[in-house]
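Notes follow the structure.
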Amino acid sequence: FLGKYDFTLRLPPVPPGRYEVRIGYTANPQRGVAQMFFDEKPTGIPLDMRVNSGNSAIGSVPDGETEDGGVENDKMMRNRGYLKGPTSIVQASNKGPLRSNSQSLRRIVTIVDFPTTTPHYLRIKSVQDIETMQFHLDYVEFVPSTYWEEETRD
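In terms of this note's numbering, the sequence shown opens at residue 1430 and continues consecutively.
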């Protein structure tokens, strides 16, 4: 999406339960700043998609530069609402996992309890008046609490 955008995605229904809702995107200087809403409720501060994972606001450190393979860094990033890209997706251009790409990020949009199986809505609105800024979205994840409470690198 480009410019002064304000759009809503109808997301698929998921079974009842507690979920972490995430988006996957690629950061770069042409991206913009967007406010997200889940089922009409704002989901925290706007997301600045120009900032890559090495920025101090996100704090990613490459796994090979840590003594524990990135475990503590992953926890710190999660506390800030971010995760590295998944290891299960390989980037076509460099044949490496998205986890090792400093521009590949996942943002935790919200944590929500779904009482019933119904569709949900993710609204994304530009908070800038710059017509050349982009919003980028690779995927949306619905991660059950039973998984993210014990999540590994994937």
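Backbone N, C-alpha and C define an ideal beta-carbon position, used for all residues, glycine too.
This one's a predicted model, so the numbers in the text were calculated from it and none came from an experiment.
| Query | Result |
| --- | --- |
| C-beta neighbour in chain C for Val-1443, strict 8 Å | Among the chains of the structure shown, chain C does not appear; only one protein chain is present. |
| Of the listed residues Tyr-1454, Pro-1441, Val-1490 and Gly-1473, nearest to Ile-1540 (C-alpha basis) | Gly-1473 |
| Buried/exposed call for Phe-1564, threshold 16 Cβ in 10 Å | buried |
| The region 1511-1524 / the region 1430-1438 touching (three or more Cβ pairs under 8 Å) | no |
| C-beta contact flag for Ala-1456 and Leu-1534 at 8 Å | yes |
| Start and end residues, alpha helix (DSSP H) containing Thr-1575 | 1574-1577 |
| Whole-angstrom distance between Asp-1542 and Pro-1573, CA atom to CA atom | 10 Å |
| Delimiting residues of the alpha helix (DSSP H) encompassing Met-1506 | 1500-1508 |
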